[in-house]
Every structure is written in structure tokens, then in C-alpha cells.
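See below for the structure under consideration.
Residue numbers (the numbering used here): -9 to 270.
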């Protein structure tokens, strides 16, 4: 029996991808155009593309189409160390020292903005984020949005920072989209009495919404890691900012250093804190 036409098309598209006709991150022609070129129905093209997606050759990205998937997406090991940021970009586009480099961006390379950063007043509609910030759902809150990553790679993360209104009153320069002079928006908050800010993170896995998938250039079916980082002011010990970081799950690995409790010290003791062991 002759092979199904879509298998022939699948093999030919795979050959063309491997030959570099479409580079990683580029979109294939529209299915309608491919159907015309191959002289088959759109359904045949859709079956061929699905087979390529199952192999990991392509994936469907909202509002972009069928994208050639990179053969290897670089992963970042994420620990829990915050460093002084040497990769900050000032408002004039020049690199400068300021703010902090959090674990997901802990390398020494200069990341770029894949989407123009924005600072806008937006209703905070996520009840979880509103609760962290202790503001009513729907309140107008200053939101800083960045989509960043190393140059030459797909976007690594989208970050939304919601700054409490009292922080905006104290440090109005936090509204500068690319920072605030020689430093960064966190510096401006800390300089007005909120420093040193202390952070607590909450991690979970979930599926991206349509906007996240588009901006991160991933399919809607690829889970993301969501990190919500709550910054607490030294002035009143209340949340001054909440940052929601969304990272494609295939780009990051957590690093957890396991430590021994005193009860697990080596060599083992004959008796623990609750008395002699019951079993030998």
C-alpha cells in the first residue's frame, strides 16, 4: 500500500527544516499556502505538521503560527541567591550597575528586552496577587512589565511587578520603563526608607494564558513555572511590591541544596531528641 500523502509531506518538510530553509524560531508558511504548494488539502498539511510537532520539530504559537522549534533550548539552573545587578540597562540604553539580579537571571550576561517594557496603571485582577499586596481586587496599581532573555534566544521570562501605591508616592521614579537613572526601581524604593527589602517566593506550575504564550513564543500546551516574589518593606514590614515571573518549563531547573537537621547528623547518635530509638 502506498504511504499516506501526509507522510510524504511530513518527511519533505522535515528535510527542509533540517536543511535550514526555516531557522529555529521562524514560522513555516501558512497551511493554506503549503497545501497549494504540495497540491493537497489543508487537512493533509495539518496532519503532517502535527506529526512534526509530535517529534518536537515544530510547535504552534498563538498569533504566530507554526514555529520551528530550537533543537536545544538552553536551561538555567535556578538557586536562591540574589546578587547585585551588573546587567541593568539605563533609560539611555547604556549598561549600568543597579538593582538586583534574582536567581532566574543570575548569570553575568546582558539580557535584552524582547518586547518594549511598559509601565502602566492597571486593575489588579488576580485575587492571589491582590491578597499578597493587601489591596482590593480591581484596584489601579502601577505595573511594570518586561519580557527578557539572552540575545539570540527565544524570550526566557515575562515579569510583571505590581508596586503598592505608597511605594509610588515615596519613589515616583519607579514609573520609568527602563529603570530610573543610574540604578533601578528597587534601588529607588530602598533609598526612600523601604530598604533593605526582603523577599519570599511562591512557586507553582500551570498552563500559560494566551498572552503569556504569545510573548514567550511557546505553545499554549507547554506548562510554565510561575514564581511570585513578594518584597517586604523594612519601613513597615508590609508588602511593597509583588513580582510575577513566568518561565517556560523547559527553560529552567530548580536547584535545592539539601541540608541535614541536627537529628540527621553523621555519625548517628544512639539517642535522638525524643529519647532512645525504638528500633535498632
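Beta carbons: idealized from backbone N, C-alpha and C, even for Gly.
Item checked: Residues near residue 15 in its chain [Cβ-Cβ closer than 8 Å; skip 5 each side] -> Taking the first residue of the chain shown as position 1, residue 15 is located at position 25. Only 57, 58, 60, 144, 207 meet the Cβ criterion.
Notebook entry, point to check: Can you tell me the Cα-Cα spacing of residue 256 and residue 40, whole angstroms?
Noted result: Start at 1 with the first residue of the chain shown, and residue 256 comes out as number 266. Start at 1 with the first residue of the chain shown, and residue 40 comes out as number 50. Their Cα atoms are separated by approximately 54 Å.
Item checked: Nearest-angstrom beta carbon gap, residue 0 and residue 42 [assumed within contact, 8 Å] -> Within the chain shown, numbered from 1, the residue matching residue 42 stands at position 52. Within the chain shown, numbered from 1, the residue matching residue 0 stands at position 10. Right, the Cβ-Cβ distance comes to about 6 Å (below 8 Å), so this counts as a contact.
Item checked: Closest Cα partner of residue 217 within the set 29, 110, 153, 149 -> Walking along the chain shown from the start, residue 217 turns up at place 227. Ranking the options by Cα distance to residue 217, first place goes to 149.
Next item on the list: Check whether the region 242 to 259 touches the region 158 to 168, taking contact to mean three or more Cβ pairs, one atom from each stretch, closer than 8 Å.
Entry: No: the two stretches stay apart, fewer than three of their Cβ pairs being nearer than 8 Å.
Next item on the list: For the beta strand (DSSP E) holding residue 152, just list the boundary residues, first then last.
Entry: Here residue 152 refers to the residue found at position 162 when the chain shown is read from its first residue. For residue 152, the enclosing beta strand (DSSP E) starts and ends at 147 to 153.
Notebook entry, point to check: Considering only C-alpha positions, which residue in the set 191, 205, 214 is nearest to residue 69?
Noted result: Here residue 69 refers to the residue found at position 79 of the chain shown. Per the Cα distances, 191.
Check: What is the DSSP secondary structure of residue 244, reduced to helix, strand or coil?
Finding: Taking the first residue of the chain shown as position 1, residue 244 is located at position 254. The answer is strand: DSSP assigns residue 244 an E or B state.
Margin query: Within the continuous beta strand (DSSP E) that includes residue 189, where are the two ends?
Written below: The residue given as residue 189 occupies position 199 in the chain shown. Residues 188 to 196.
Checklist line | Proximal residues to residue 203 (C-beta, below 6 Å), its chain only, five neighbours per side dropped | finding: Position 213 of the chain shown, counted from the first residue, corresponds to residue 203. Listed in chain order, the non-local C-beta contacts of residue 203 below 6 Å within the same chain comprise 52, 210, local neighbours out to five positions each way being set aside.
Margin query: Excluding the 5 residues flanking residue 219 on each side, which residues of the same chain have their C-beta closer than 6 Å to its C-beta?
Written below: Along the chain shown, read from residue 1 onward, the residue named residue 219 stands at position 229. By the criterion of a C-beta distance shorter than 6 Å, residue 219 is surrounded in its chain by 189, 191, 233, once the five residues flanking it on both sides are discounted.
Checklist line | Span separating the alpha-carbon of residue 153 from that of residue 231 | finding: What you label residue 153 is simply residue 163 of the chain shown in a count that begins at 1. What you label residue 231 is simply residue 241 of the chain shown in a count that begins at 1. Taking the straight line from one Cα to the other gives about 4 Å.
Notebook entry, point to check: Hey, how far is the Cα of residue 35 from the Cα of residue 23?
Noted result: Looking up residue 35 in the chain shown gives position 45. Looking up residue 23 in the chain shown gives position 33. So the two alpha carbons sit approximately 10 Å from each other.
Next item on the list: Within its chain, find whatever has a CB closer than 8 Å to the CB of residue 225; leave out the 5 residues flanking it on each side and keep chain order.
Entry: Against the chain shown, residue 225 aligns to sequence position 235. Leaving aside the five residues that flank residue 225 on each side, the residues in its chain whose CB is nearer than 8 Å to its CB run, in chain order, 183, 184.
Check: Start and end of the alpha helix (DSSP H) containing residue 206?
Finding: The residue labelled residue 206 in the question sits at position 216 within the chain shown. Where residue 206 is concerned, the enclosing alpha helix (DSSP H) stretches over 200 to 206.
Item checked: Where the alpha helix (DSSP H) through residue 25 begins and ends -> Counting from one through the chain shown, the residue named residue 25 turns up at place 35. Counting along the chain, the alpha helix (DSSP H) containing residue 25 begins and ends at 21 to 28.
Margin query: Given this structure, state the Cα-to-Cα distance separating residue 278 from residue 259, to the nearest angstrom.
Written below: Nothing can be reported for residue 278: it is not among the residues displayed for the chain, which extend from -9 to 270.
Next item on the list: Measure the C-alpha to C-alpha separation of residue 64 and residue 93 and round it to an integer number of angstroms.
Entry: Mapped onto the chain shown, residue 64 falls at position 74. Mapped onto the chain shown, residue 93 falls at position 103. If I take the Cα positions, the gap works out to 16 Å.
Next item on the list: Can you grab the Cα-Cα spacing for the pair residue 113 / residue 130, in whole Å?
Entry: In the chain shown, the residue the question calls residue 113 occupies position 123. In the chain shown, the residue the question calls residue 130 occupies position 140. One C-alpha to the other measures close to 4 Å.
Margin query: Rounding to the nearest angstrom, what Cα-Cα distance links residue 104 and residue 201 in this structure?
Written below: Position 114 of the chain shown, counted from the start, is the residue given in the question as residue 104. Position 211 of the chain shown, counted from the start, is the residue given in the question as residue 201. So the two alpha carbons sit approximately 14 Å from each other.
Check: What do you reckon, are the CB atoms on residue 75 and residue 88 nearer than 8 Å?
Finding: In the chain shown, the residue the question calls residue 75 occupies position 85. In the chain shown, the residue the question calls residue 88 occupies position 98. In this structure, residue 75 sits near residue 88, with a CB-CB distance shorter than 8 Å.
Next item on the list: Alpha carbon to alpha carbon, how far is residue 229 from residue 115? Give it in angstroms, no decimals.
Entry: If you number the chain shown from 1, residue 115 lands on position 125. If you number the chain shown from 1, residue 229 lands on position 239. Near 17 Å, if we compare the C-alpha coordinates of residue 229 and residue 115.
Next item on the list: Would you mind giving the Cβ-Cβ distance between residue 151 and residue 134, rounded to the nearest angstrom? I have them listed as a contact below 8 Å.
Entry: The residue given as residue 151 occupies position 161 in the chain shown. The residue given as residue 134 occupies position 144 in the chain shown. The Cβ separation is near 4 Å, so the contact holds.
Margin query: Alpha carbons only, please: which of 215, 227, 158, 198 is nearest the one belonging to residue 187?
Written below: The residue you call residue 187 lines up with position 197 of the chain shown. Ranked by Cα distance from residue 187, the first of 215, 227, 158, 198 is 227.
Check: Are there 16 or more other CB atoms within 10 angstroms of the CB of residue 111, so buried, or fewer, so exposed?
Finding: If you number the chain shown from 1, residue 111 lands on position 121. Exposed, by the Cβ-count rule.
Item checked: Sheet register partners of residue 112 (DSSP bridge) -> Residue mapping note: residue 112 aligns to position 122 of the chain shown, counting from 1. The partner list for residue 112 (beta bridge, DSSP) reads 131.
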